[in-house]
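**Q** Residue numbers (full-length UniProt numbering), protein chains in the order written: chain A, 1 to 299; chain B, 1 to 356.
Ideal Cβ positions, reconstructed from N, Cα and C, are used throughout, including at glycine.
Quick caveat: nothing in here was measured; it's all calculated off a predicted structure.
Just passing along the structure, written as structure tokens.
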């Protein structure tokens, strides 16, 4: 056997130093930034688990001496907003009833819109698309009053159905843009091949385009669920106390000026309200990655 | 009966006229290649035949039926795309049967057709795979299979081999030719690759700016190009052109006088200014020069390619390419004697650029 070659000078992989200046800077910055974001969350969780006497002692960073879930129960089912004293639960179910139909309606309509605009270039498609995009840049405030009148005439003002319609319409420009660009990025030849194979508008949409579009649907769901769930403006304008979404109710609980400020209840209410978008991020984040990986297959 | 007839076809994209007054008749079982550089309208023409683009004027007949307004699937065509365009979420079998299911064909008939296509293309072991698990050549076979199962009259190929590497391209080219001999279908094939065009076609249509410059057999296109564009386009390296004067059957360029007595004129002998085009392999060297009109040229560059040797030189201050035998011993800087063969040359009118 030949002797192993003896090298002089650098050879093989370059040795790495774990505590190089670069690593210290990098991880130091990352730790500081994440602390910056996590400390308020920590304070919220800790405070929501304390009783009022403990909060009055003023050590907001101290962990609870006695863990109590009372504030959470109170925030969910007993906190008062105006005349109603049934907590956030009412707002939660209102928000669910607003979010689910609006997300479904806006995504279904926008995906068909985007598909038609990308693949079936009809006469005036560009003008239509231009108007739609222009719609995305009009400030919401301009349209608030006209929509109040429209909803009133339709008998949907202060009804959940009215809010669903409003959310579906306002999601349309950005979602259509999203879907159009995604469908336009799919190879045009696939569309042509499907036409030669005798598939028509809906056949191509359901059999060819939809199965290839999971990633963009997940993106649209994330966008819409968080956007509609977190909406405050439309909720406060187009609903009434009975039909307020969760965000508006949260505001009413936190900003109530009567009685003592129950910080623990406020914190619990806020965490409850934020739980849904958080949940969506966690669940769909994984789906999203999987969807992108599956969609990366080139035909 | 003609398999495909294109009558006075126009196609505009807005104000841009892509195809103008185009006429083309394709016989039953013929293999026609549409050849041209990019942007010449060849793929556009194919898409019009397929019904994927709406024509702006004119008529289209397939098997004697006017299909100008028909949907793509009603025209009796199958199409193979450059990027294969396989449906990624379906298996190979799903890809093959998609069109048949859309046509609401009975199940046993579908099975029969898939089995036949899979056998012809030798893709039986691949039927349950997804396109992502196939190689480029296999994907292209499946794409051809998708046209095959539909049992169509006319196959349309849109640069089907351009995405493959050189070796696979040569293999599949032969297979497409075999397939054509076996099926005897009409095939229209778009490519920008001259070799594909020359090897596959019964007739080649060379296109430029939405017009057919010449339609003819590969032999006609190569040896009797109708105009300067075709002469220049076909052949690699291309024809060399020299300006001169044609008088009393003698073509004069500089101090060289070529008697054109044996030349086949397109419309009888003429006189006046002319351009002669000579292919690199039609320049005579060595012993072949005996009895021919000869001159001396200096070699600039030598490119040995194995099977033959390409020599770059110049004549009358114009570039001159000479294709010599692969064993020729020549070096840059040498002076060699070359001869001209008037019969294999082409003469063109400098103003109309048409063949004389």
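Which whole-angstrom value describes the C-beta separation of residue 164 of chain A and residue 101 of chain A, a residue pair presumed to lie in contact below a C-beta threshold of 8 Å?
**A** 5 Å
**Q** Using the beta-carbon of each residue, which ones in chain A are nearer than 8 Å to residue 52 of chain B?
**A** In chain order: 192, 195 and 196.
**Q** For residue 237 of chain B versus residue 280 of chain B, is the C-beta spacing smaller than 7 Å?
**A** yes
**Q** Determine the direct distance from the alpha carbon of residue 163 of chain B to that of residue 83 of chain B, and round the result to whole angstroms.
**A** 7 Å
**Q** Let me check understanding here. Comparing Cα to Cα, which of A:204, A:120 and A:246 lies closest to residue 271 of chain A?
**A** A:246
**Q** Residue 197 of chain B to residue 30 of chain B, Cα distance in whole Å?
**A** Distance from the CA atom of residue 197 of chain B to the CA atom of residue 30 of chain B, rounded to whole angstroms, is 13 Å.
**Q** Looking at chain B, is there any beta carbon in it that lies within less than 7 Å of the beta carbon of residue 215 of chain A?
**A** Taking 7 Å as the threshold, the shortest C-beta distance from residue 215 of chain A to chain B does not fall below it.
**Q** Considering only residues of the same chain and omitting the five flanking positions on each side of residue 160 of chain A, which have a CB-CB separation below 8 Å?
**A** 94, 97, 98, 239 and 243
**Q** Which one of B:319, B:315 and B:332 has the shortest CA to CA distance from residue 302 of chain B?
**A** Nearest option by C-alpha distance: B:332.
**Q** With DSSP run on the structure shown, which of helix, strand or coil describes residue 126 of chain A?
**A** helix
**Q** I want to verify the contact list: residues of chain A whose CB lies under 7 Å from the CB of residue 89 of chain B, in sequence order.
**A** 211 and 212
**Q** Give the single residue among B:264, B:349 and B:149 whose Cα lies nearest to the Cα of residue 276 of chain B.
**A** Closest option to residue 276 of chain B, judged by alpha-carbon separation, among B:264, B:349 and B:149: B:349.
**Q** Chain B partners of residue 199 of chain A, CB-CB under 7 Å?
**A** 102
**Q** So residue 84 of chain A and residue 241 of chain A are supposed to be a Cβ contact under 8 Å. How far apart are they, rounded?
**A** That belief holds up - the Cβ atoms of residue 84 of chain A and residue 241 of chain A are roughly 7 Å apart, short of 8 Å.
**Q** When the distance is taken between beta carbons, is residue 339 of chain B closer than 7 Å to residue 294 of chain B?
**A** yes
**Q** Helix, strand or coil for residue 230 of chain A, going by three-state DSSP, please let me know.
**A** helix
**Q** Is DSSP giving residue 296 of chain A helix, strand or coil here?
**A** The pLDDT assigned to residue 296 of chain A is 44, lower than 50, so where the model puts this residue is not dependable, and the model offers no usable value.
**Q** Please work out which residues of its chain come closer than 7 Å, Cβ to Cβ, to residue 141 of chain B, disregarding the five sequence neighbours upstream and downstream, and give them in chain order.
**A** 121 and 123
**Q** Consider the Cβ of residue 66 of chain A: report whether some Cβ of chain B lies at a distance smaller than 7 Å.
**A** no
**Q** Taking only beta carbons into account, state which residues of the segment 303-323 of chain B come closer than 8 Å to chain A, listed in chain order.
**A** none
**Q** What number of angstroms, rounded off, separates the C-alpha of residue 10 of chain B from the C-alpha of residue 213 of chain B?
**A** 16 Å
**Q** Counting pairs of beta carbons, one from the segment 67-84 of chain B and one from the segment 192-203 of chain A, are three or more of them closer than 8 Å?
**A** Judged by Cβ distances under 8 Å, the segment 67-84 of chain B makes contact with the segment 192-203 of chain A, as three or more pairs qualify.
**Q** Output the distance between the C-alpha atoms of residue 103 of chain A and residue 168 of chain A, rounded to the nearest integer angstrom.
**A** Rounded to whole angstroms, residue 103 of chain A to residue 168 of chain A spans 7 Å at the Cα level.
**Q** Between which two residues does the alpha helix (DSSP H) holding residue 40 of chain A run?
**A** Here the alpha helix (DSSP H) through residue 40 of chain A covers 21-48.
**Q** Determine the contact status of residue 46 of chain B and residue 158 of chain B, defining contact as a CB-CB distance below 7 Å.
**A** A contact, by the Cβ cut-off of 7 Å.
**Q** Out of curiosity, what's the CA-to-CA distance linking residue 296 of chain A and residue 263 of chain B?
**A** Confidence at residue 296 of chain A is low in this model, with a pLDDT of 44, below 50, so its placement is unreliable and the value that follows should be read with caution. About 60 Å.
**Q** Can you check which of these residues, B:22, B:12 and B:34, is closest to residue 218 of chain B by C-alpha distance?
**A** B:34
**Q** When DSSP builds the beta bridges, which residues end up paired with residue 239 of chain A?
**A** A:158
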